[in-house]
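J.:
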Amino acid sequence: MNSSIDWRTRAENDADIPAIHAINHAAFDRADEADLVDALRDDPAWIAGLSIVSTLPDGTPVGYALLTRCHVDMTPALCLGPCAVLPDYQKTGAGTAAIRSGLAAAARMGEPFVIVLGHPTYYPRFGFGRASEHGIGLSIEVPDEALMALTLDPAQPLPRGTVRYAEPFGID
0 MNSSIDWRTR
10 AENDADIPAI
20 HAINHAAFDR
30 ADEADLVDAL
40 RDDPAWIAGL
50 SIVSTLPDGT
60 PVGYALLTRC
70 HVDMTPALCL
80 GPCAVLPDYQ
90 KTGAGTAAIR
100 SGLAAAARMG
110 EPFVIVLGHP
120 TYYPRFGFGR
130 ASEHGIGLSI
140 EVPDEALMAL
150 TLDPAQPLPR
160 GTVRYAEPFG
170 ID
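With numbering that gives the first Met the number 0, the residue at position 36 of the sequence shown is 35, and numbering never jumps.
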């Protein structure tokens, strides 16, 4: 697949919902993440404008990144994920484009903090670092290097505490 595609990004619209479901299902080869995104749309954690698609020049969505409300103890933050790309377009920059667009939109909204539970070799390219180094943890056991945090506002240091995800994530 050509890695020099001119990715366009935008917030999802209602017409994108079936494509977003299909992207998440295909990327993870199971329905869990696709169903999670659908459940989050009906949750108070959903923030309009932070469900981002990356599209081909013709407007077809092939990549996806979602930011929803979470908390670090009582401090509001955002959770990045799921992030997904159709298998035929993986490693082409579609995911990177969606994530960068989502982080930029969050910064424009004044959101200072983002948490991600994901691949420790992928997310540092966006500025994420090990959350435990900032006193951030989870109530469940995960590999230390997989939980990462980012401040979008250098004037605001990351809060310390336990990440509380939206109910559809199923993490207490």
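Where a beta carbon is used, it is the ideal one built from N, C-alpha and C, also for glycine.
Since the model is a prediction, treat every value here as computed from it, not as a measurement.
Which residues does DSSP pair with residue 62 in a beta bridge?
T.: Residue 62 is bridged by DSSP to 53 and 84.
J.: Name the two residues that bound the continuous alpha helix (DSSP H) containing residue 116.
T.: Here residue 116 belongs to no alpha helix (DSSP H); instead the beta strand (DSSP E) covers 112 to 116.
J.: Helix, strand or coil for residue 67, going by three-state DSSP, please let me know.
T.: Under the three-state reduction of DSSP, residue 67 is assigned to strand.
J.: For the putative contact between residue 147 and residue 159, defined by C-beta atoms under 8 Å, what is the C-beta separation to the nearest angstrom?
T.: Actually they do not touch by this definition, with Cβ atoms about 15 Å apart.
J.: Using only alpha-carbon positions, find the residue among 105, 94 and 17 that is nearest to residue 48.
T.: 105
J.: Nearest to residue 78 by alpha carbon, out of 5, 69, 171 and 46?
T.: 69
J.: Can you tell me where the alpha helix (DSSP H) with residue 39 in it begins and where it stops?
T.: 31 to 40
J.: Is the distance from the Cβ of residue 21 to the Cβ of residue 167 below 8 Å?
T.: With respect to the 8 Å criterion, residue 21 and residue 167 are not classified as neighbours on the basis of their beta carbons.
J.: So the alpha helix (DSSP H) residue 107 belongs to, where does it begin and stop?
T.: 93 to 107
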